[in-house]
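So the structure is just underneath, and the comments pick up after that.
Protein chains: 2
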Amino acid sequence: MTYENSTTQALEQLDTFEQLRFALNYAITTIVTNGEISDPPLATEPRGEALATLETELHKLMCAPEIASVLDTLTEAAEQGLLDERRQAQLRIVKRDRAEFLDLPADEAADFARLTNEATQVWMRAKRNNDWASFEPFLERIVESMKRLAAYKNASADPYDVWLNEYEYGSTRPMYDQLFSDIKDCVVPLVADIQKKGWQPSRACLEGHYAHDAQMAFAHDLLVLEGLNMDALVVAESEHPFSEGLVSQCGYVTTHVNENDVVSSLYSVLHEGGHASYSQGVNPELDYCSLGGGSSMGIHESQSRFFENYVGRNEAFVPHLLALLEKHFPGHFAQVDPHDFFLAVNRAEPSLIRTEADELTYPLHVLIRYEIEQLVFSGEAQVSDIPRLWSERYKSYLGVDVPDVSSGPLQDMHWSDGMFGYFPTYVLGSAYGTQFLDAMKSDGVDFDGLVARGDLAPIRAWLGEKIWQHGRSKDPAQLVLDATGSAFDSSHYTRYLEQKFSSIYNL
Amino acid sequence: MTYENSTTQALEQLDTFEQLRFALNYAITTIVTNGEISDPPLATEPRGEALATLETELHKLMCAPEIASVLDTLTEAAEQGLLDERRQAQLRIVKRDRAEFLDLPADEAADFARLTNEATQVWMRAKRNNDWASFEPFLERIVESMKRLAAYKNASADPYDVWLNEYEYGSTRPMYDQLFSDIKDCVVPLVADIQKKGWQPSRACLEGHYAHDAQMAFAHDLLVLEGLNMDALVVAESEHPFSEGLVSQCGYVTTHVNENDVVSSLYSVLHEGGHASYSQGVNPELDYCSLGGGSSMGIHESQSRFFENYVGRNEAFVPHLLALLEKHFPGHFAQVDPHDFFLAVNRAEPSLIRTEADELTYPLHVLIRYEIEQLVFSGEAQVSDIPRLWSERYKSYLGVDVPDVSSGPLQDMHWSDGMFGYFPTYVLGSAYGTQFLDAMKSDGVDFDGLVARGDLAPIRAWLGEKIWQHGRSKDPAQLVLDATGSAFDSSHYTRYLEQKFSSIYNL
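Order-wise, the sequence lines are chains A and B. Residue numbers 1 to 507, in our numbering, belong to the letters of the first sequence in order. Residue numbers 1001 to 1507, in our numbering, belong to the letters of the second sequence in order.
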């Protein structure tokens, strides 16, 4: 496509803007990632100073009047049908992102950044000391700020809905309500039935001592098995496992090694490797513009849960995991029966900690957070009610007693970081993932056969074509529709859970 | 000191400028450091894209007309005696740095960056393939560009002098000529005398296999022994050892592990730890402004060579090194006689490779480069003459035959990166270091006794007070004068070399 003069000039200006946006994001990401992987303790302050200034530069860039007129020119060009598809998508995303920055007064945004930065430190101490009282006033201020910030973004909408949409574009409370209601109807009786049965598979086959260096070498080979391009990936250690992937040619996957447990790192690596697969699969032509990265948190989570659970906790894949484990921990796994291993890593049992929960009870942990967040945002409950609400719901949905706030509402860092509305994307992602799985099978991909052969390439090819390559150029709803032929439908997920766990527990 | 209104406002604007300059430098340093330590191969391109854009932003910031008027206001205030000492130093350094950027047309600077970026890639291949011809045209373009760029900076000065001054502020050719002439007079006869003697100490006591992980643990403990604050230091691995320290609270030291040689990493770690000591010792109040970092390349090198050689290759320190080696490599060093170890790590022998040269012959390697650089910049020699000039001088000064260009003029990366004029700072730093050593002793520091006791704290305290704390606020000549009571004098260095090696070789 050739453009007329004013359009060409505006596109060049947009490219310059994108170049600087990319560079600032690359710098911020690199600095944050170093903070989690390798920075020494005293680097906290200089890192914070540098980050605050770079964020301010990013804010200035996004709000600059120069880019406004460029976007206006391009919007006119688009209306006259003068932009190709990619440029239209880019224009749409840049305008949307810019609006997010413009909505917020710079000083309120800076105050909120300072508040959450301090609250995160307070939360860390509070969690260590099992001390809700010290954290409560910070959480109150965060909720108040988030209500006010939501009003700037959209004065006519409910504040919680604003934040749901922030983390998953186009998501709504009715959609989540339906999803969680379906999940509750499916999972609560399943969990009750399992408890009634009174039988649980043994985890004895997983026990052992797994040396640190061997676990890191295993993590590397596991990512190769998963299909990652290791020439574009850093594998490292951090307190909390994460992945990061701003461009297709460079991503990070971290894990946390516990020498008494290799399975924890195994599934965490497969999970983060799923995120990294998505990042690596984005069309490289989108790398240096706002269309790089993933469509949404939910879609990203669909890819991580896909590799962690639908591949990694699939019985057909177990022999490949056992072979790799045996290679790195000789003698530990040679005698393990694949079926026993499969049962051990799928033991469904109510527990206290979300990040350690099994595949079946996991969504109930998220549901509890989703319900509490709504109560607090609507004013039906106060921040001070959270520990009580937490204990009541853990008892009611999972049947467990919460012994202290550290294993209760202080277990996750999200709220201290101002991430109300984020949790539901974890479950939405799992549900998206099953819909992708069913669509892939309908498209003729022999999923179970391929997993059994350890040949993930055709599976990755389907995901790459339908999801990964598009980066941010398709919004989640459109991506799901185009990839699967239907709008999002939670029944794929509940059917998956029901079939899998009925079979495991002979229900 | 309180300031009048316009001064106060200008200082605030200067602080804002410094904040952004710091953040851009922090980002650039972090990205470059990651590139050397951990980035995967494919990250080269996105890293380069991000760096190019951030460098352009830095150039824009430095050349912005807004900061010019701030500096004018502050210059007036300084003339009226309205600025305190630190602000005066800051003003001086920012004005000088800004002039460096302003002198160069942005497009010429960008072209030069592109040229050296490409030339570095060409050099790597050329070195691997022992292929001077492919590199020669790039080196010709680099020399031509550097002559042109020097003319922008100072049209009336000799181009090579401009670059000497670039790397060591205030340095001049007469100063270096005197230094190298003194060194030649001292070292060449010493080397000849040693060869006449026909005896060399054995290095047998260093031989062995030293496991990778143990070497990294040893490196950590060695830095603790050297006196580094490990809460402010990252210890990592890279192909070429380096250190980086933008702020006192966060620095990097890397080493390269060869399992057949522990001494190479030992001295490389002590060397980089010397740089890191300097960075950690800068007054933290200078951290976020242009006065952070070190005074010059030469002063920085004086600190690295101080810990590598004047402490680390000092016979009195050997028992502490042996104890630490024995801790990490049990059985290897228990029977080693300290005197034998001392002799082994001080064996003076002409060789081909600068970075592997001993303390005595090292300055001759640098001298050869200094002489060739001058011939090429003056036009007395062509770039195509370099291999011949190199061989002639290595034969004449060191008595060695250069078998190929890879072990000859292609061994160092500096020229491909446009760093003509940089090499001499290595030797100047060694010489500064001996002057500091003598001054410290005159000030009553019991250097040899402290080193023998492994108590480096009083030595570090002297260096901290006289050198480290000042950051860039004192230029090298002033720093040397203030610290030692005299101007730079190369006789400290030649006397040191003469005494040490006459004693070792019984000359």
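Even for Gly, the Cβ is constructed at its ideal location relative to N, Cα and C.
CB residue i to CB residue j, shorter than 8 Å?
i, j, result
"Y505 (chain A)", "K153 (chain A)", "no"
"Q1469 (chain B)", "G1281 (chain B)", "yes"
"Y536 (chain A)", "E1049 (chain B)", "Residue coverage of chain A in this structure runs from 1 to 507, which leaves residue 536 (chain A) outside it and unanswerable."
"S430 (chain A)", "P350 (chain A)", "no"
"F1341 (chain B)", "C1205 (chain B)", "yes"
"L1343 (chain B)", "F1333 (chain B)", "no"
"E1237 (chain B)", "T1254 (chain B)", "yes"
"L463 (chain A)", "F447 (chain A)", "no"
"D1182 (chain B)", "S1491 (chain B)", "yes"
"G1273 (chain B)", "L1322 (chain B)", "no"
"L20 (chain A)", "L71 (chain A)", "no"
"S295 (chain A)", "L74 (chain A)", "no"
"P40 (chain A)", "L1233 (chain B)", "yes"
"S290 (chain A)", "E55 (chain A)", "no"
"Y1397 (chain B)", "L1360 (chain B)", "no"
"F135 (chain A)", "V122 (chain A)", "yes"
"A78 (chain A)", "Q88 (chain A)", "yes"
Return the bridge partner residues of residue i from the DSSP annotation.
i, result
"T53 (chain A)", "T53 (chain A) pairs with nothing; no bridge assigned."
Does residue i get closer than 8 Å to chain A when you measure Cβ to Cβ?
i, result
"L1054 (chain B)", "yes"
"A1217 (chain B)", "no"
"T1030 (chain B)", "yes"
"S1117 (chain B)", "In the sequence on display, residue 1117 (chain B) carries Asn and not Ser. No - not a single Cβ of chain A is within 8 Å of the one on N1117 (chain B)."
"C1186 (chain B)", "no"
"E1049 (chain B)", "yes"
"V1400 (chain B)", "no"
"Q1019 (chain B)", "yes"
"Y1026 (chain B)", "yes"
"D1231 (chain B)", "yes"
"V1094 (chain B)", "no"
"V1234 (chain B)", "yes"
"N1034 (chain B)", "yes"
Grouping DSSP H, G and I as helix and E and B as strand, with all else coil, what is residue i?
i, result
"L233 (chain A)", "strand"
"E1359 (chain B)", "coil"
"T1172 (chain B)", "coil"
"E244 (chain A)", "strand"
"L367 (chain A)", "helix"
"P350 (chain A)", "coil"
"I467 (chain A)", "coil"
"D1489 (chain B)", "coil"
"M1062 (chain B)", "helix"
"M1440 (chain B)", "helix"
"Q1478 (chain B)", "helix"
"Y422 (chain A)", "coil"
"P1046 (chain B)", "helix"
"N1506 (chain B)", "coil"
"V509 (chain A)", "It is not possible to answer for residue 509 (chain A), since the shown part of chain A is limited to 1 through 507."
Closer than 8 Å, CB to CB, is residue i near chain B or not?
i, result
"F22 (chain A)", "yes"
"S38 (chain A)", "yes"
"P46 (chain A)", "yes"
"V247 (chain A)", "yes"
"D287 (chain A)", "yes"
At a threshold of 7 Å, does residue i count as lining the ligand SAM (C-beta to nearest heavy atom)?
i, result
"L322 (chain A)", "This structure simply doesn't include the ligand SAM, nor any ligand for that matter."
For a contact meaning CB atoms closer than 7 Å, what does residue i contact in chain C?
i, result
"C1250 (chain B)", "No chain C appears in this structure, whose protein chains are A and B."
What runs of the beta strand (DSSP E), each 3 residues or longer, lie entirely inside the stretch 248 to 303 of chain A?
Along the stretch 248 to 303 of chain A, the beta strand (DSSP E) occurs as fully enclosed runs of 3 or more residues at 250 to 255, listed in sequence order.
- Query: Which ranges would you report for the alpha helix (DSSP H) in the stretch 160 to 232 of chain A if only whole runs of at least 4 residues count?
  - Reply: As far as the stretch 160 to 232 of chain A is concerned, its whole alpha helix (DSSP H) runs of at least 4 residues are 173 to 197 and 212 to 226.
Q | Contained alpha helix (DSSP H) runs [length at least 4] in the stretch 1075 to 1163 of chain B, N- to C-terminal order | A | 1085 to 1103, 1106 to 1129 and 1132 to 1153
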